[in-house]
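Some notes on the structure that comes next.
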Amino acid sequence: MTYEVKLDIFEGPLDLLLYLIKKNELDIYNIPIAAVTDQYLQHLEAMKSLNLDMAGEYLVMASTLIHIKSRMLLPREEEEEAEEADPRAELVRQLTEYQAFKEAALKLDSRLLLGRDTFKREAPLETVEADEDEALVELNVFDLVAAFQRIVSSLKKEEILEIEIERMSLSDRINEIMERLQEEKDVTFLGLLGESPSRRLIVYTFLAVLELMKLRLVRAFQASPFGPIRLFLAVEEG
Amino acid sequence: MDDLKAVVEMLLFVSDAPIAVDKFRDILGDVDRKEILRVLADLRREYEERNGGFQVAEVAGGFQFRTRPDLNQWIRKFRGSRPPSLSPAALETLAVVAYRQPVVKADIDRVRGVDVSGALKGLLEKKLVKMVGRKDLPGKPIMYGTTKRFLEVFGLRDLTELPTLRELKELQEKPRAPQLPGFEMVE
Chain A
1 MTYEVKLDIF EGPLDLLLYL IKKNELDIYN IPIAAVTDQY LQHLEAMKSL
51 NLDMAGEYLV MASTLIHIKS RMLLPREEEE EAEEADPRAE LVRQLTEYQA
101 FKEAALKLDS RLLLGRDTFK REAPLETVEA DEDEALVELN VFDLVAAFQR
151 IVSSLKKEEI LEIEIERMSL SDRINEIMER LQEEKDVTFL GLLGESPSRR
201 LIVYTFLAVL ELMKLRLVRA FQASPFGPIR LFLAVEEG
Chain B
1 MDDLKAVVEM LLFVSDAPIA VDKFRDILGD VDRKEILRVL ADLRREYEER
51 NGGFQVAEVA GGFQFRTRPD LNQWIRKFRG SRPPSLSPAA LETLAVVAYR
101 QPVVKADIDR VRGVDVSGAL KGLLEKKLVK MVGRKDLPGK PIMYGTTKRF
151 LEVFGLRDLT ELPTLRELKE LQEKPRAPQL PGFEMVE
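Here it is as structure tokens:
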């Protein structure tokens, strides 16, 4: 028997199965496993012959299908039959769940998207220029003393702030680092710590950087041993 | 305040992010919440009736001027770039995060039946999804949730405005044993 196989791009094994069910107008709650398994394997063969990069998940699903098929074929004891669930039940649950989210994704895409269907005013407020003007103001010694006192008094406040630091979470720190990298393109590890960091901040920053490297969101470089560690976004924002 | 409507309109004009009613109150001082909402509704209606280039939209917990969607081709031409779009993989991943948040990556993988690392990374970079904490499981896996930017981009007031997952509800009702006609439960 030969099948005409038309290859669409599938988002994964569940997507492929849904496609087969829809194409053959099957009842999702009563899937003829044998026929679907055959067609599923035909598709895998076609994908292989086209040298498509096939994810391992497709093969896992193939083995699941064959497993279910074999369980459907095995004669079951009468007592068991009542209690034992349909071997297809878990697959049906997965398929309907995936179908629901696939539909939800389409609904999201059909909304009026900002930047695609509708636009907002984009010019950022020009706060930078105001800062430059401030820098040009001439100062005298008393201004300096006042400024110094402000800093000293703010240092005292920092002791109170220390409690706030206790509430720091790793995910916040990760988000902060990502935001800084998006603004500055590259930062050094020391740069992330700022001046006089607490031990907690150093530990959290270190853990956050490790996590980001594990997720491959950032890359770290060091020119020489004990040199500054530079962090970059793994992918520049397009 | 006499010029309340004008001031609210000005603030909407200069802001590049949606302004929440509370933010209006911070700036305007002692003005009633209801009063601000009334003025916003007025403005909204006026812009709608005028049918001009932009309108007042309620998104991401605030209010914002937005251009008319039906005429978007001209802005695209002006910008000279193709509009950014999300791949089906990204959209499906985003849908799972939106409906299941806070959710760990393993659960998204399971729902989609594939490894979602790439899609998730793209969503994090686009700031549609963020890390919201860690689940109390071995390995303390990261939990993900949607951002305010997600609401803004998809034009949602808040998460409750997401349409309900119809199929899921059906599924939850499904396991009930089918009743045979003429068969009645004996109490």
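Residue numbers (the working numbering), protein chains in the order written: chain A, 1 to 238; chain B, 1 to 187. Note that CB positions come from ideal geometry on N, CA and C, so glycine has one too. Note that the structure is a prediction, hence the values are computed from the model and not measured.
Would residue i pass as an interface residue toward chain A - the criterion being a Cβ-Cβ separation below 8 Å?
{"i": "D22/B", "result": "no"}
{"i": "M131/B", "result": "yes"}
{"i": "R157/B", "result": "no"}
{"i": "Q101/B", "result": "no"}
{"i": "I36/B", "result": "no"}
{"i": "P141/B", "result": "no"}
{"i": "V189/B", "result": "The requested residue 189/B is not part of the displayed model; chain B covers only 1 to 187."}
{"i": "L165/B", "result": "yes"}
{"i": "V111/B", "result": "yes"}
{"i": "M10/B", "result": "no"}
{"i": "V153/B", "result": "yes"}
{"i": "D16/B", "result": "yes"}
{"i": "A6/B", "result": "no"}
{"i": "L40/B", "result": "no"}
Just verifying my parser: in three-state terms, what is the DSSP assignment at residue i?
{"i": "Q182/A", "result": "helix"}
{"i": "F142/A", "result": "helix"}
{"i": "K107/A", "result": "helix"}
{"i": "L217/A", "result": "coil"}
{"i": "M143/B", "result": "strand"}
{"i": "M131/B", "result": "strand"}
{"i": "F13/B", "result": "helix"}
{"i": "I19/B", "result": "strand"}
{"i": "T118/A", "result": "strand"}
{"i": "T188/A", "result": "strand"}
{"i": "V152/A", "result": "helix"}
{"i": "F24/B", "result": "helix"}
{"i": "V104/B", "result": "strand"}
{"i": "F232/A", "result": "strand"}
Can you check whether the C-beta of residue i is within less than 8 Å of a C-beta belonging to chain B?
{"i": "S63/A", "result": "no"}
{"i": "A104/A", "result": "yes"}
{"i": "G115/A", "result": "yes"}
{"i": "I174/A", "result": "yes"}
{"i": "L20/A", "result": "no"}
{"i": "L170/A", "result": "yes"}
{"i": "Q39/A", "result": "no"}
{"i": "V235/A", "result": "yes"}
{"i": "F142/A", "result": "no"}
{"i": "F148/A", "result": "no"}
{"i": "L14/A", "result": "yes"}
{"i": "L74/A", "result": "no"}
{"i": "E90/A", "result": "no"}
{"i": "A46/A", "result": "no"}
{"i": "R230/A", "result": "no"}
{"i": "Q94/A", "result": "yes"}
{"i": "R121/A", "result": "yes"}
{"i": "E57/A", "result": "yes"}
{"i": "F189/A", "result": "no"}
Would the beta-carbon of residue i be found less than 7 Å away from any heavy atom of the ligand SAH?
{"i": "Y40/A", "result": "With respect to the ligand SAH, the structure shown offers nothing to examine, as it has no ligands at all."}
Which residues of chain C have a Cβ atom closer than 9 Å to the Cβ of residue i, listed in chain order?
{"i": "S81/B", "result": "Among the chains of the structure shown, chain C does not appear; the protein chains present are A and B."}
Write down every uninterrupted run of the alpha helix (DSSP H) in the segment 35–99 of chain B whose length is 4 residues or greater and which is fully enclosed by it, in chain order.
For the segment 35–99 of chain B, the continuous alpha helix (DSSP H) assignments of 4+ residues that do not extend past its boundaries occur at 72–79, in sequence order.
Taking one C-beta from the segment 83–92 of chain B and one from the segment 54–71 of chain A each time, how about it: are there three or more such pairs within less than 8 Å?
Between the segment 83–92 of chain B and the segment 54–71 of chain A there are fewer than three inter-stretch CB-CB distances shorter than 8 Å, so the stretches are not counted as touching.
Where in the segment 36–77 of chain A do unbroken runs of the alpha helix (DSSP H), each at least 4 residues long, occur, reported from the N-terminal end onward?
The qualifying runs are 56–73.
Is the segment 218–237 of chain A touching the segment 86–99 of chain A, taking contact as three or more C-beta pairs under 8 Å?
They do not touch, by the three-pair rule.
Quick one, which residues of the segment 23–35 of chain A are near chain B if we go by CB-CB under 8 Å, in chain order?
Taking 8 Å as the upper bound on Cβ-Cβ separation, chain B lies near residues Y29 of the segment 23–35 of chain A.
Compile a chain-ordered list of the residues in the segment 198–226 of chain A whose CB is closer than 8 Å to at least one CB of chain B.
Under the 8 Å Cβ criterion, the segment 198–226 of chain A contributes E211, L215, R216, L217.
Which residues of the segment 61–79 of chain B have a Cβ closer than 8 Å to any Cβ of chain A? Give them in chain order.
The residues in question are Q64, F65, R66, T67, R68, P69, N72, I75.
Check whether the segment 17–26 of chain B touches the segment 61–81 of chain B, counting contact only when three or more Cβ pairs, one atom from each stretch, lie closer than 8 Å.
Output reads yes: the segment 61–81 of chain B touches the segment 17–26 of chain B.
I'd like to know if the segment 2–11 of chain B and the segment 100–110 of chain A are in contact, where contact means that at least 3 CB-CB pairs between them fall below 8 Å.
Counting Cβ pairs under 8 Å, fewer than three are found: no touch.
Assess contact between the segment 110–125 of chain B and the segment 12–20 of chain A, defined as three or more Cβ pairs (one per stretch) separated by less than 8 Å. Is contact present?
Judged by Cβ distances under 8 Å, the segment 110–125 of chain B makes contact with the segment 12–20 of chain A, as three or more pairs qualify.
Does the segment 21–35 of chain B come close enough to the segment 44–58 of chain B to have 3 or more Cβ pairs within less than 8 Å?
With the rule of 3 Cβ pairs closer than 8 Å, the segment 21–35 of chain B does not count as touching the segment 44–58 of chain B.
Using 8 Å as the threshold, is the segment 124–132 of chain B in touch with the segment 88–99 of chain A, meaning 3 or more CB pairs across them?
The segment 124–132 of chain B is not in contact with the segment 88–99 of chain A.
Count the C-beta pairs between the segment 99–109 of chain B and the segment 142–152 of chain B that are closer than 8 Å, then say yes if the count reaches three, no if not.
Yes: at least three Cβ pairs fall under 8 Å.
Would you say the segment 112–123 of chain A touches the segment 34–54 of chain A, given that touching needs at least three Cβ pairs under 8 Å?
Fewer than three Cβ pairs drawn from the segment 112–123 of chain A and the segment 34–54 of chain A lie within less than 8 Å of each other, which leaves the two stretches out of contact.
Assess, as a yes-or-no matter, whether the segment 148–164 of chain B is touched by the segment 28–46 of chain B under the definition of 3 or more beta carbon pairs within less than 8 Å.
In the pairwise beta carbon analysis, the segment 28–46 of chain B is classified as not touching the segment 148–164 of chain B: fewer than three pairs are separated by under 8 Å.
Taking beta-carbon pairs under 8 Å, can you tell me which members of the segment 84–95 of chain B lie near chain A?
Within the segment 84–95 of chain B, those residues whose Cβ lies closer than 8 Å to any Cβ of chain A are, in chain order, P84, S85, L86, P88, A89, L91, E92, L94, A95.
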